[in-house]
Amino acid sequence: MRFAPSPTGYLHLGGLRTALFDWLYARHTGGQFILRIEDTDQKRYNPESLQDLMEGLRWLGLHWDEGPDIGGPHAPYIQSQRQPIYQQYANWLVEHGKAYRCYTTEEELEELRARGLPYDRRHRNLTPEQRAAFEAEGRPFVIRFAAPLTGTTTVHDAIRGEITVENATIVDPVLLKSDGLPTYHLAVVVDDHLMEITHVLRGEEWIPSAPLHVLLFEAFGWSAPVFVHLPVILDPSGKGKMSKRKTVVDGREFSPFVRDYIRGGYLPDAMFNFLATMGWSFDPEREIFTREEAIERFDVADISPKATALPFSKLEWMNGVYIRQMDVVALKDAVAPFVAADLGLDVETLRRDPRLLALTPLIQERIKLLTEATALVDWAFLPAEKITYPDPTQLIGKKLTAAQSIEALEAARELIATVEPFEAATLEAAFRSRAEAMDIKLGSFLTPVRVAVTGKTVSPPLFESIHILGREETLKRLVNAIQALTAYAATAVERP
RNA sequence: GGCCCCAUCGUCUAGUGGACUAGGACUCAGCCCUUUCAAGGCUGCGACAGGGGUUCGAAUCCCCUUGGGGCUACCA
4 MRFAPSPTGY LHLGGLRTAL FDWLYARHTG GQFILRIEDT DQKRYNPESL
54 QDLMEGLRWL GLHWDEGPDI GGPHAPYIQS QRQPIYQQYA NWLVEHGKAY
104 RCYTTEEELE ELRARGLPYD RRHRNLTPEQ RAAFEAEGRP FVIRFAAPLT
154 GTTTVHDAIR GEITVENATI VDPVLLKSDG LPTYHLAVVV DDHLMEITHV
204 LRGEEWIPSA PLHVLLFEAF GWSAPVFVHL PVILDPSGKG KMSKRKTVVD
254 GREFSPFVRD YIRGGYLPDA MFNFLATMGW SFDPEREIFT REEAIERFDV
304 ADISPKATAL PFSKLEWMNG VYIRQMDVVA LKDAVAPFVA ADLGLDVETL
354 RRDPRLLALT PLIQERIKLL TEATALVDWA FLPAEKITYP DPTQLIGKKL
404 TAAQSIEALE AARELIATVE PFEAATLEAA FRSRAEAMDI KLGSFLTPVR
454 VAVTGKTVSP PLFESIHILG REETLKRLVN AIQALTAYAA TAVERP
C-alpha cells in the first residue's frame, strides 16, 4: 500500500481520507504503508506543502513504514530523486518498440488543440532518416507510449469491478517530458512495481488513466497491482468536487484543509472515526468505533463507489462524543493550548493551574470543539475588574424586577460570605433554601449571580464555578454587579 | 462534444431477489430531565430519480431516460 501525494498545496481532507484507507488496509493485511512524494511537476512543487502533509498524517496517527524522512528498502521515496530510474525504463520501452521519441513542438500541439484534436501520433512511425534529421536539428523530444491501436483494455477495480475501454482512445501519452522528468503515468507504474506495491488506492479522477497504467504494466511484462479508486469528496453543498479553497454554505465557512481542523479544535480520533465512515461503514448500528476495530473490519471491497459530501455537522457531533469520552487530565491538557492562546497565558503554567483541572469536567459535556473552551472558562482566569456588565439588564433574573435582582445579589453576597464549608454542595443547599424563603425560583435567583460571577448568561454549573473561583473573588464580583445594577436601576427610573 | 464513473431520507450510510409497512447516524421539531448552557432519554418529520423489462417475487439483476460527477496537458 502506498500513499503518493503530490506536494502542490496543503493537505486536504480528500487526501487524508485516501491516506487513512491506505493505512487501514495496510494495517488490516499486515502490509507496509509507504509514503512516496510525487513531485515530478517542478512548476507546481511547493516545499511548504511537504511539511504540512507530514504534519497532517502524523496528527491523524497515520505513521508510515517507509518514506522520505525514514527511508526504507526502496529509497529514495521522492520521485524527483529517482529521475535516472525513469529514464532507464523509458529508454527500455523505446528500445523494445513500445515507446518512441516525439519531436512535436509546443506550437504544433497547440495548433491541434485549437482545432479540438488530440495528438495525431505523427512521430510514431518516423523513418530512420526523419528521426536523424530531427536529432541533427537538436530538437527537444518527449517519449510517448506506443499504445495499441486496436482492441480493448480492462481494468479491475476493487470496488467497481471491471472497467473496459477502447485502446484507440489512448493516444500515445507522454511518458518522459522534455525536461527529462517522467509524467505521472510512467513514474507511478515504475515505482509501484519497484516498490512492490500490491494495492493502489487513489482518487477516482484516475479511473480514465488506469487502462493506460495497465497497458504500461503489460508492456514492461509486470503484473499490475490491485486498483482501488476512491470516490471523490464533494463540496458540503453536494455540488461538485470539493474545491481547494474555503467555501461558504448556509453562512458557514468550510475549509478543505486538514491544518484548519487541527487549529480548529478537532481531535485526531474524531477525525479518524469520521473520515473512516466516508465511503465505508463499520457497522449498520454503530457510528463510533476505535482504530483497532476499524483495522479489524476494514476491507477495500466494502468501500462505496458513490461520491460523498462531507457532513460537517456530524464531524462536530462526533468530536463532542470523543471529547466526552476523554480522560479529564488528557482533556485539560488538550484544551490548555487553546485557552492559553486566547487569554495570552503561558501554556505550561495553565496546564498546572488547579482551576483549569477543576473546570475541565464541568465543560467536558458542554464543548464540541476544543476552541469552545475559552468562552466557558475565561472568567475564572480574569480579575474581578475585567468582569464588566455592559448590559446590566442581563443581571435581572427571569420574572424579577431590577430591585428584586439586587436583593437576590445581596442575599447571594451574604450566603457566599458565610456558608461553611465553602463547597458546591453546601452552597447549593443554602441557595435553595434561601430561594424558597424569598419565594422565587432557583433559576431566577441564580441568573443575576451567574452573570455577576462570570459576566455571562451561559456558564458551567454555578456552584462548582463559585467554589473554583473562591470566596473572596466571588464577593468582589457580586459587589461590582450590585453597583452596576443599582446604577442602571437609577437611570432606568429617570427615563423609563 | 467524446470517453468513463455514480444514483436509498437534506447529509453520511445499512441493504447483494423474499426477514423492507426500507434500518442506523447527523441535522431539524416536540416532550422529559434541569441552576443557565450542554449532555442524556423518548417521540416525530424524512428516501429506494423516472420508465421499461427479467422473475412467483425486486431498493437489490438487465436496458433506456434523466440527473450528478470525473477525465479529456510535456498537472497530478
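With our numbering applied, the first sequence covers 4 to 499. No residue lacks a Cβ here, since even glycine has one placed at the ideal position from N, Cα and C.
task: Could you pull out every unbroken beta strand (DSSP E) segment of at least 3 residues lying fully inside the region 92–176, listed in chain order?
output: 102–105, 145–148, 155–160, 164–169
- request: Would you list the one or two residues that DSSP bridges to LEU204?
  value: Note: LEU204 sits in a beta bridge opposite VAL231.
message: Out of SER52, VAL235, GLY206, ARG147, which one is the CA nearest neighbour of THR107?
response: ARG147
field: DSSP bridge partner residues for GLU1 (one or two, in chain order)
entry: The requested residue 1 does not occur in the structure, where the chain is confined to residues 4 to 499.
- prompt: What is the rounded straight-line gap between the Cα of ILE326 and the Cα of PRO340?
  reply: Computed Cα separation, rounded: 15 Å.
- request: Sort out for me which residues DSSP pairs PHE6 with in a bridge.
  value: Bridge partners of PHE6: LEU38.
- prompt: Should ALA279 and ALA297 be called a contact, given that it needs their Cβ atoms to be closer than 7 Å?
  reply: yes
message: Across the region 114–121 and the region 77–84, are there enough close Cβ pairs to call them in contact, namely three or more that are closer than 8 Å?
response: no
- prompt: Taking the alpha-carbon positions, what's the ASN170 to THR153 distance?
  reply: In a straight line, the C-alpha of ASN170 is about 6 Å away from that of THR153.
query: Can the beta-carbon of PRO185 be found closer than 7 Å to that of LEU215?
result: no
message: Less than 8 Å between C-beta atoms, sequence neighbours within five positions excluded: which residues of the same chain meet that for LEU348?
response: Once the five neighbours on either side are set aside, the close Cβ partners of LEU348 are VAL342, PHE384.
field: Integer-rounded CB distance, given that THR172 should sit under 8 Å from THR157
entry: Going by Cβ atoms, the distance from THR157 to THR172 rounds to 14 Å, so no, they are not a contact pair.
- request: Taking all protein chains shown into account, decide if ARG453 is buried (16 or more other Cβ within 10 angstroms of its Cβ) or exposed.
  value: buried
- request: Could you pull the start and end residues of the alpha helix (DSSP H) that HIS188 belongs to?
  value: For HIS188, the enclosing alpha helix (DSSP H) stretches over residues 187–197.
message: Does GLY70 pass the burial test, meaning 16 or more other C-beta atoms within 10 Å, or should it be called exposed?
response: buried
message: Counting beta carbon pairs with one atom in the region 301–312 and one in the region 365–379, are three or more of them shorter than 8 Å?
response: no
field: ILE291 (DSSP reduced to helix, strand or coil)
entry: coil
- prompt: Apart from the five residues on each side of it in sequence, which residues of its chain come closer than 7 Å, Cβ to Cβ, to ARG300?
  reply: PHE285
- request: Give the single residue among LEU23, PRO87, GLY268, HIS188 whose Cα lies nearest to the Cα of ARG61.
  value: LEU23
query: Are the region 6–21 and the region 217–224 touching, with three or more C-beta to C-beta distances below 8 Å?
result: Flag = no, the region 6–21 and the region 217–224 do not touch.
message: Here's the rule I'm using: 16 or more other beta-carbon atoms within 10 Å means buried, otherwise exposed. How should PRO395 be labelled?
response: buried
Within 7 Å, strictly: CB atoms of LEU478 and ILE419: yes
message: To the nearest angstrom, how far is the alpha carbon of GLU475 from that of PRO386?
response: 11 Å
message: Only counting the same chain, and skipping five residues up and downstream in sequence, which positions put a Cβ closer than 6 Å to that of TYR187?
response: none
- request: Could you check if ASP302 is buried or exposed, using at least 16 other CB atoms within 10 Å of its CB as the buried criterion?
  value: In this structure ASP302 is exposed. Its beta-carbon is surrounded by fewer than 16 other beta-carbon atoms within 10 angstroms.
message: With a threshold of 6 Å on Cβ separation, who are the neighbours of ALA1 within its own chain once the five nearest residues in sequence on each side are excluded?
response: Beyond the ends of the chain as shown, which are 4 and 499, falls residue 1; an answer cannot be given.
message: Given this structure, state the Cα-to-Cα distance separating ASP68 from PRO76, to the nearest angstrom.
response: The alpha-carbon atoms of ASP68 and PRO76 are separated by roughly 10 Å.
query: How should VAL332 be labelled, buried or exposed, when 16 other C-beta atoms within 10 angstroms of its C-beta is the threshold for buried?
result: exposed
message: At the level of alpha carbons, what is the spacing between VAL174 and LEU237?
response: The straight-line gap from Cα to Cα measures roughly 30 Å.
Buried or exposed (CB count within 10 angstroms, at least 16 for buried), LEU445: exposed
- request: For the alpha helix (DSSP H) containing THR280, list its first residue and its last residue.
  value: Here THR280 belongs to no alpha helix (DSSP H), and DSSP marks it neither H nor E.
message: Assuming TRP62 is part of the alpha helix (DSSP H), what are its boundary residues?
response: 50–63
- prompt: With burial defined as no fewer than 16 other Cβ atoms inside 10 Å of the residue's Cβ, what is the status of TRP26: buried or exposed?
  reply: For TRP26, the number of other beta carbons within 10 angstroms of its own is at least 16, and it is reported as buried.
- prompt: Would the region 430–450 and the region 406–422 be scored as touching if the rule is three or more Cβ pairs under 8 Å?
  reply: yes
query: LEU45: which of HIS99, TRP95, LYS180 sits nearest, CA to CA?
result: Reading off the sequence, residue 45 comes out as Gln, not Leu. Comparing Cα positions, the closest option is LYS180.
- prompt: Is the distance from the Cβ of MET4 to the Cβ of ALA29 below 7 Å?
  reply: Yes; because the gap between Cβ atoms is below 7 Å, this pair is in contact.
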